[in-house]
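Visitor:
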Amino acid sequence: MKNFATVAALAAGANAFVGRSNNCCFHLTASGGESGTVGQLDDGQNRIHGGLQEAQFCIDSKGALTDGNGRGCIITDPTTQFQCDEGATPMTGWSINSQGQVSYNGDADFVACATGQNGGLNIYTTESSDVTECKDIKLSADSCSSSASGSSSVAVPGSSTPVPGPTSSASVPYVPGPSSSASVPYVPGSSGSVVTLQTTVTSTYCPESSTVPVVPVPSIPGTPGTPGVPGTSATPGVPGTSSVPVIPGTSGTPGTTSGPPSQTATSVQPSGTSTAGGSCPTDLSGEYEYPHLIIPIDSSSPDTAAGTSYNGTISSTVSTIFNFDIPSSDAGKTCSLVFLFPKKEDLETSSYSFSGDGKVDFASLQSAATQSTSYNNAPAIKEDYGGFTISPGNSYLISTFECPAGQAVSYEMKNSGSTELDFFEDYNPSPLGLYITVC
1 MKNFATVAAL AAGANAFVGR SNNCCFHLTA SGGESGTVGQ LDDGQNRIHG GLQEAQFCID
61 SKGALTDGNG RGCIITDPTT QFQCDEGATP MTGWSINSQG QVSYNGDADF VACATGQNGG
121 LNIYTTESSD VTECKDIKLS ADSCSSSASG SSSVAVPGSS TPVPGPTSSA SVPYVPGPSS
181 SASVPYVPGS SGSVVTLQTT VTSTYCPESS TVPVVPVPSI PGTPGTPGVP GTSATPGVPG
241 TSSVPVIPGT SGTPGTTSGP PSQTATSVQP SGTSTAGGSC PTDLSGEYEY PHLIIPIDSS
301 SPDTAAGTSY NGTISSTVST IFNFDIPSSD AGKTCSLVFL FPKKEDLETS SYSFSGDGKV
361 DFASLQSAAT QSTSYNNAPA IKEDYGGFTI SPGNSYLIST FECPAGQAVS YEMKNSGSTE
421 LDFFEDYNPS PLGLYITVC
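What the sequence shown shows, in full-length UniProt numbering, is residues 1 to 439, in sequence order.
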């Protein structure tokens, strides 16, 4: 629940402000080429129009955004779409000025582009060849203006002791209530002077959610762990009941998805491979696990640890390791490692580049990778699953096995011919990347 504190605030001096190391929550409105409130699909895509309910967002002192469900907000690569993914570590760089204008990495210019669905427009930081019918927009917040780093206290007149707001953990996203906080403006004074302002401020503090740990998304996916997003890779975090991809991740509690995301198109079905007896589906129609850490390694820079990534990359020198954390609840179940490779026209929020003969090789590794993994110190191969020739519009069953419940496991995908592939791991329609389906 939200905590509402109504206090009489005394702002004094040229540097007077209400500090905000706790999350501050707000709604977004677009203006310019298109205008309207920013809503959200169930899968975390942020949109203007389309009959969606107004979405809530929260910003922390580091300039990171989460949505009203505690999901980390990211800018996808390469389309630069603004969306919030379960398990993603929120990207920093967001700010709100004294007029409520929202910027990302200092840039207040965004574009809204057609989706073809109920008149809805997705939001991007830049226009690209992957989107159409785009218009320039600005985004403004209805509160949290003049966000500033510093103390998390609000001064109360007549008291020399500040009244602190609730403390928070940077590694745990917040789950705010439905209403946003009132605006808390910055009160500047001229140099060397004292400005006294008596006002009533209603501040909304978003409490911690201990059930939705952050992952370095990407984030990563985790990320995003795509895009959940940075930390140790041994036990990257993933929400307990979500159907989303992960972004490279911080440690937490792995989860199992229970079904496909809401408002999604039908998953790409396999047309070049068949499902062997006893294997799980080669789509995300049921339970599945997603990678909590994605690590590219490069034989041309054998001692360089690239760290977490949102993308799987395959080339003549680069292969990619995917970490999965299999929850204990999967004990006794069957797992299938699958690679989903839809056609580009079936993608909504992801993209990929692909060339060459499509020949790739998959293998399980003897131990999990970490953010410090490089080509020279990568885990040894445990079992080579052999070569596959992949092409867009297909799903591939790589291997079926008893679920390694409660364990962190890693798989490597590499080139075995002339394949050049770079893809953004994403569960949105149509799902793209390496997953483990559970049955």
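C-beta atoms are modelled at their ideal positions from N, C-alpha and C, and glycine is treated no differently. Computed from a predicted model, the values in this text were never measured in an experiment.
Let me check understanding here. Comparing Cα to Cα, which of 361, 353, 405, 41 lies closest to residue 488?
Guide: The displayed coordinates of the chain run from 1 to 439. Any statement about residue 488 would go beyond what the structure contains.
Visitor: Should residue 42 be labelled buried (16 or more other beta-carbon atoms within 10 Å of its own) or exposed?
Guide: It counts as exposed.
Visitor: Please state whether DSSP places residue 382 in a helix, a strand or coil.
Guide: Correct three-state label for residue 382: strand.
Visitor: Can you check which of these residues, 75, 373, 105, is closest to residue 298 by C-alpha distance?
Guide: Measuring from the Cα of residue 298, the nearest candidate turns out to be 373.
Visitor: Considering just the uninterrupted stretch of the beta strand (DSSP E) at residue 398, what are its terminal residues?
Guide: Residues 394-402.
Visitor: Run through DSSP, which three-state label would residue 34 get?
Guide: Of the three classes helix, strand and coil, the one that applies to residue 34 here is coil, per DSSP.
Visitor: Go ahead and pull the three-state DSSP assignment for residue 333.
Guide: Residue 333: coil per DSSP, three-state reduction.
Visitor: Terminal residues of the continuous beta strand (DSSP E) containing residue 56?
Guide: Segment 56-59, the beta strand (DSSP E) holding residue 56.
Visitor: Could you please give the first and the last residue of the uninterrupted beta strand (DSSP E) stretch that includes residue 47?
Guide: Residue 47 -> beta strand (DSSP E) spans 46-48.
Visitor: Could you tell me which of 287, 384, 337, 323 sits nearest to residue 296, measuring between CA atoms?
Guide: Out of 287, 384, 337, 323, 323 has the C-alpha closest to the C-alpha of residue 296.
Visitor: Measure the CB-CB distance between residue 320 and residue 312 and report whether it falls below 8 Å.
Guide: It is a contact, given that the beta carbons lie within the stated cut-off.
Visitor: Report yes if the C-beta distance between residue 123 and residue 48 is below 8 Å; otherwise report no.
Guide: Taking 8 Å as the Cβ cut-off, residue 123 and residue 48 qualify as a contacting pair.
Visitor: On the CB-based measure, 16 or more other CB atoms within 10 Å of its CB, does residue 291 come out buried or exposed?
Guide: The residue in question, residue 291, is buried, as its Cβ has 16 or more Cβ neighbours within 10 Å.
Visitor: What is the residue span of the beta strand (DSSP E) that residue 91 lies within?
Guide: That residue, residue 91, is in no beta strand (DSSP E); it is neither H nor E in DSSP.
Visitor: Quick check on DSSP: helix, strand or coil for residue 110?
Guide: If DSSP states are grouped into helix, strand and coil, residue 110 belongs with the strands.
Visitor: Secondary structure at residue 345, three-state DSSP: helix, strand or coil?
Guide: Helix, per DSSP.
Visitor: Helix, strand or coil: how does DSSP classify residue 140 here?
Guide: Strand.
Visitor: Relative to the C-alpha of residue 101, which candidate in 30, 379, 436 has its C-alpha closest?
Guide: Among 30, 379, 436, the Cα nearest to that of residue 101 belongs to 30.
Visitor: For residue 283 and residue 112, what's the separation of their Cα atoms in angstroms?
Guide: Taking the straight line joining both Cα atoms gives about 30 Å.
Visitor: Does residue 364 come out as helix, strand or coil in the three-state DSSP assignment?
Guide: Strand.
Visitor: Report the CB separation of residue 363 from residue 381 in whole angstroms; it is logged as a contact under 8 Å.
Guide: The pair is a contact, with the Cβ atoms about 5 Å apart (cut-off 8 Å).
Visitor: Can you name the start and end residues of the beta strand (DSSP E) that residue 73 belongs to?
Guide: 72-75 is the span of the beta strand (DSSP E), which, as asked, contains residue 73.
Visitor: Could you give the DSSP three-state label for residue 355: helix, strand or coil?
Guide: In the structure shown, residue 355 sits in a strand (DSSP, three-state: E or B).
Visitor: Which value, in whole angstroms, describes the spacing of the CA atoms of residue 92 and residue 278?
Guide: If you take the alpha carbons of residue 92 and residue 278, they lie about 44 Å apart.
Visitor: If the criterion is Cβ atoms closer than 8 Å, does the pair residue 431 and residue 393 meet it?
Guide: Against a cut-off of 8 Å, the Cβ pair of residue 393 and residue 431 comes out as no contact.
Visitor: Here's a check: name, in chain order, each residue in its chain whose Cβ is nearer than 8 Å to the Cβ of residue 133, leaving out the five neighbours to either side.
Guide: For residue 133, where only same-chain residues beyond five positions count, the Cβ hits under 8 Å are 113, 114.
Visitor: In angstroms, rounded to a whole number, what distance separates the CA positions of residue 330 and residue 359?
Guide: So the alpha carbons of these two residues sit roughly 32 Å apart.
Visitor: Looking only at DSSP bridge pairs, what is residue 102 linked to?
Guide: BP columns for residue 102 point to 96.
Visitor: Would you check if the distance between the CB atom of residue 50 and the CB atom of residue 39 is smaller than 8 Å?
Guide: Their beta carbons are under 8 Å apart, which means residue 50 touches residue 39 by this criterion.
Visitor: Quick one: measure Cβ to Cβ for residue 52 and residue 90, integer angstroms, because I've assumed they're closer than 8 Å.
Guide: Their Cβ separation, rounded to whole angstroms, is 21 Å, which puts residue 52 and residue 90 out of contact at 8 Å.
Visitor: Given that a residue counts as buried once 16 or more other Cβ atoms are within 10 Å of its Cβ, and exposed if not, what is residue 83?
Guide: Under this definition residue 83 is a buried residue.
Visitor: Suppose you measure from the CA of residue 136 to the CA of residue 80; what does that come to, to the nearest Å?
Guide: Rounded to whole angstroms, residue 136 to residue 80 spans 14 Å at the Cα level.
Visitor: Within its chain, find whatever has a CB closer than 7 Å to the CB of residue 63; leave out the 5 residues flanking it on each side and keep chain order.
Guide: So the list reads 92, 93, 94, 95, once near-sequence residues are dropped.
Visitor: From what residue to what residue does the beta strand (DSSP E) around residue 132 run?
Guide: Residue 132 -> no beta strand (DSSP E), and no H or E assigned at all.
Visitor: Would DSSP call residue 328 helix, strand or coil?
Guide: Correct three-state label for residue 328: helix.
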